[in-house]
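Working notes, beginning with the structure itself.
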Amino acid sequence: MTTVQHHRGYDADVLIVGGGIVGVSTATQLIERHPGLSVLLLEKEASLAAHQSSHNSGVIHAGVYYAPGSLKAEFCRRGAAATYEFARRHDVRVEQCGKLIVATEHVEIERLNALYARCEQNRLEPQMLDEAALRELEPRIAGRAAIRVASSGIADYPGMTMTMARLAQEQGAQILLNQRVDALHEDENGITVETSGGRFRAKHAIVCAGLMADRLAKMCNVDLDFRIVPFRGEYYRLPASKNDIVKHLIYPVPDPELPFLGVHLTRMIGGYITVGPNAVLALARAGCDGGRQHGA
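Note that the sequence shown covers residues 1 to 296 in UniProt numbering.
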């Protein structure tokens with residue numbers, strides 16, 4: 001049985017399930033905004049940020065594609081600014097390299113113009129580039145026109161997660177690893193969480209379990225009319241000789257017939273370039289293939 005600090009019969013005021021960046025940032029914000037609140041975070045793996053938080057492209061999205069006036073558009077824009085500010089304040093690796101959305105065919109120009117208008121409505125201060133301006137900015141990229149969104153960038157999200165965890169712990173939050181949740185029981189006085197390492201009682205619970213969220217919801221008898229079906233994106237990593245091939249994130253104009261943004265060139269915070277992704281139906285909830293990268 002793992003021991004934690006008890007508070008009047010409870011292990012915590014708020015118990016958070018999930019030690020990815022969403023769970024850890026939730027803990028950090030709660031304890032910063034409510035001094036004296038006891039927060040306990042449980043993570044099933046032996047380390048934080050073990051799944052989606054460390055298996056992504058690391059892009060800081062500006063909010064190009066979201067409907068103007070929507071919460072997604074507003075939160076993405078504000079979130080990008082907050083991400084840069086947090087990273088710089090706490091010395092987390094970040095690079096505001098900007099993003100180019102490139103039209104390679106004449107038929108894409110109309111869709112590019114529509115995206116430009118949407119960027120303006122979302123207050124992203126886009127810049128429209130003709131073919132010559134694009135070639136001057138990115139000599140190795142061929143296109144008829146492009147939109148430049150300067151607020152897009154890349155960040156070290158695993159490092160950011162660890163920094164947030166340290167800040168939360170410094171303010172009194174408790175983080176326990178190797179705590180796979182086996183059962184959740186809710187009553188009028190709080191919630192009990194049974195894990196592989198013990199039994200915990202809290203007044204409130206917040207589940208930030210990523211691809212396992214629907215399974216944990218069912219443990220609490222939440223009536224769901226959906227289930228999570230995981231897809232895995234696979235990327236090629238270019239050789240080190242190509243690390244400086246582009247200075248921006250390079251995206252195609254999205255095809256409205258497809259639910260994805262298309263194959264793109266991504267500058268990674270480690271200094272290399274990836275090409276992808278595809279989308280493959282995963283055979284496991286955490287089927288990230290061990291983070292394997294294919295050479296190109």
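Ideal placement from N, C-alpha and C gives every residue a C-beta, glycine not left out. The structure presented is a predicted model; accordingly, all values stated were derived computationally and were not measured.
Alpha-carbon to alpha-carbon, residue j and residue i
i      : j      : result
LEU249 : ALA173 : 37 Å
GLY165 : VAL39  : A small correction: the amino acid at residue 165 is Ala; Gly does not occupy that position in the sequence shown. Going from the Cα of ALA165 to the Cα of VAL39 covers about 12 Å.
HIS90  : VAL102 : 34 Å
ILE228 : ALA279 : 15 Å
ALA12  : THR161 : 21 Å
HIS204 : VAL14  : 5 Å
CYS97  : GLU85  : 15 Å
TYR10  : ALA202 : 5 Å
LEU281 : ARG33  : 40 Å
Proximity to residue i [Cα-Cα], best of the options
i      : options                        : result
VAL64  : PRO158, ARG148, LEU15, LEU129  : ARG148
ASP180 : LEU37, GLU43, VAL22            : The question names Asp, yet the displayed sequence has Arg at residue 180. The shortest C-alpha separation from ARG180 is found at GLU43.
THR195 : ALA213, ILE206, LEU176         : LEU176
VAL207 : ALA12, VAL22, ASP13, TYR10     : VAL22
VAL222 : VAL14, GLU186, PRO254, ARG232  : GLU186
ALA114 : ALA146, LEU137, LEU167         : ALA146
TYR157 : LEU41, ILE109, ALA50           : ALA50
CYS220 : GLU125, ARG118, LEU112, ASP182 : ASP182
Host beta strand (DSSP E) of residue i (start-end)
i      : result
LYS247 : No beta strand (DSSP E) contains LYS247, which DSSP labels as neither H nor E.
ARG148 : 145-149
GLY198 : 198-207
Sub-7 Å separation of residue i and residue j beta-carbons
i      : j      : result
GLY79  : LEU48  : no
ALA155 : GLY58  : yes
LEU211 : ARG285 : yes
GLU234 : GLY276 : yes
PRO68  : GLN127 : no
ILE273 : LEU261 : no
GLU138 : VAL253 : no
GLU131 : ARG111 : no
GLY198 : ASN178 : no
Terminal residues of the alpha helix (DSSP H) in which residue i lies
i      : result
ASP214 : 213-219
VAL22  : 21-33
ARG93  : No alpha helix (DSSP H) contains ARG93, which DSSP labels as neither H nor E.
LYS99  : Unbroken run through LYS99 is the beta strand (DSSP E), 99-103; no alpha helix (DSSP H).
8 Å contact criterion, which residue i and residue j should meet: CB distance rounded
i     : j     : result
ILE16 : THR26 : 6 Å
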